[in-house]
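Note sheet for the following structure.
Residue numbers (our numbering): 605 to 816.
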């Protein structure tokens, strides 16, 4: 399953409609969406949607009440959640949690700084380790850990390949390409399509042609 992205990319490149049977397309998988949210926040910390997704994932002791308060301040002052977190010690309602909030923004900023010095792949690996996401998968999602980690390895391979094919490309360019591919994926699944699945899933189903 972790190798599906390579097939998806080629099918998209040749405008061949396709669907995933009994599974999510690569960029719709939970672990991929989570890490992409981190990468988006590194490039643009003021992206509230991405920032909100990663605030407490994996859990880092930032409670729902604190997040709700921060969102309220964000909406009232018309500033991003990141900016609220970064200056949390200036708000009375956030002072008790301010250290954790500020430390989180500092971590995001450290990745941004690392991105200017290291490859996208290096930042990706540092992100998995320093956020505790890799450990989270290994310890709390044991049944699916191997599959999820394989998917993350495949995403890293995508980053490496993108860098090789686009030496001047930046992380923001990669994320834009991902967004475009995700949009293209939303075609009419009722049309005549190639169906991607594991060999196991194809047994017993009626298809005129099966490629392995």
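C-beta atoms are modelled at their ideal positions from N, C-alpha and C, and glycine is treated no differently.
Comparing C-alpha distances from residue 669 to each of 753, 701, 681, 714 shows the shortest one belongs to 701.
Counting only runs of at least 3 residues, the stretch 711–779 fully encloses no beta strand (DSSP E) element at all. In summary, residue 709 is buried, with 16 or more beta-carbon neighbours lying within 10 Å of its beta-carbon over all protein chains present.
Check the Cα spacing between residue 770 and each of 693, 723, 715, 757: the tightest is with 723.
If you look at residue 800, you'll find it in the beta strand (DSSP E) that goes 798–800. DSSP lists 798 as the bridge partner or partners of residue 622.
The stretch 647–656 makes contact with the stretch 682–701; the number of CB pairs closer than 8 Å reaches 3 or more. Look at residue 673 here: in three-state DSSP terms it is helix. Here residue 620 is exposed: its Cβ has fewer than 16 other Cβ atoms, across all protein chains shown, within 10 Å. In chain order, 724, 725, 728, 778 place their CB closer than 7 Å to the CB of residue 763, counting only its own chain and leaving out the 5 sequence neighbours on each side. One alpha carbon belongs to residue 658, the other to residue 713, and they sit about 14 Å apart. With respect to the 8 Å criterion, residue 781 and residue 607 are not classified as neighbours on the basis of their beta carbons. Here DSSP, grouped into helix, strand and coil, assigns residue 699 to helix.
When the five nearest sequence neighbours on each side are left out, the beta carbons in the same chain lying within less than 7 Å of the beta carbon of residue 644 are those of 651, 654, 779, in order along the chain. C-alpha of residue 676 to C-alpha of residue 706: approximately 17 Å in a straight line.
Taking C-alpha positions only, residue 734 is separated from residue 813 by approximately 46 Å. DSSP places residue 633 outside any alpha helix (DSSP H), giving it a letter other than H or E. Across the structure, residue 610 and residue 748 are spaced so that their CA atoms are roughly 21 Å apart. One alpha carbon belongs to residue 736, the other to residue 697, and they sit about 28 Å apart.
Between residue 800 and residue 625, the CB-CB gap stays under 8 Å.
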